[in-house]
Amino acid sequence: VVAYDLVSVGELATVHGPRHLTAVSYGRRSMRLNTVAVGAGAYVGPNCTLEPGCRVVDGAYVEPLSSVREGQ
Numbered sequence: 001v002v003a004y005d006l007v008s009v010g011e012l013a014t015v016h017g018p019r020h021l022t023a024v025s026y027g028r029r030s031m032r033l034n035t036v037a038v039g040a041g042a043y044v045g046p047n048c049t050l051e052p053g054c055r056v057v058d059g060a061y062v063e064p065l066s067s068v069r070e071g072q
């Protein structure tokens, strides 16, 4: 977990196996910080990437090897 103070995980949510939860993104000569939220009861499968600004809603299921981008 990168920038853990910007990452929130709801009650009974499951973040499974190797994953990348990051609230920091380095792009074209810039650094971007934003929150990452995993809702209550949500499931994040193994080897997923949750990028800055994304929100996994309550009860959602993120398939293994998926990427969730900002605004999704």
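Under full-length UniProt numbering, the sequence shown has 6 at position 6, and the numbering climbs by one with no breaks. We put the CB at the ideal spot given by N, CA and C, even for glycine.
- Annotation: the continuous beta strand (DSSP E) that includes residue 30 extends over 30-33.
- Scanning 38, 22, 40 for the CA closest to the CA of residue 32 turns up 22.
- For residue 69, there is no enclosing beta strand (DSSP E), as DSSP marks it with neither H nor E.
- At a Cβ-Cβ threshold of 8 Å, residue 62 and residue 43 count as neighbours.
- Looking from the CA of residue 55, the closest CA among 47, 45, 39, 66 belongs to 39.
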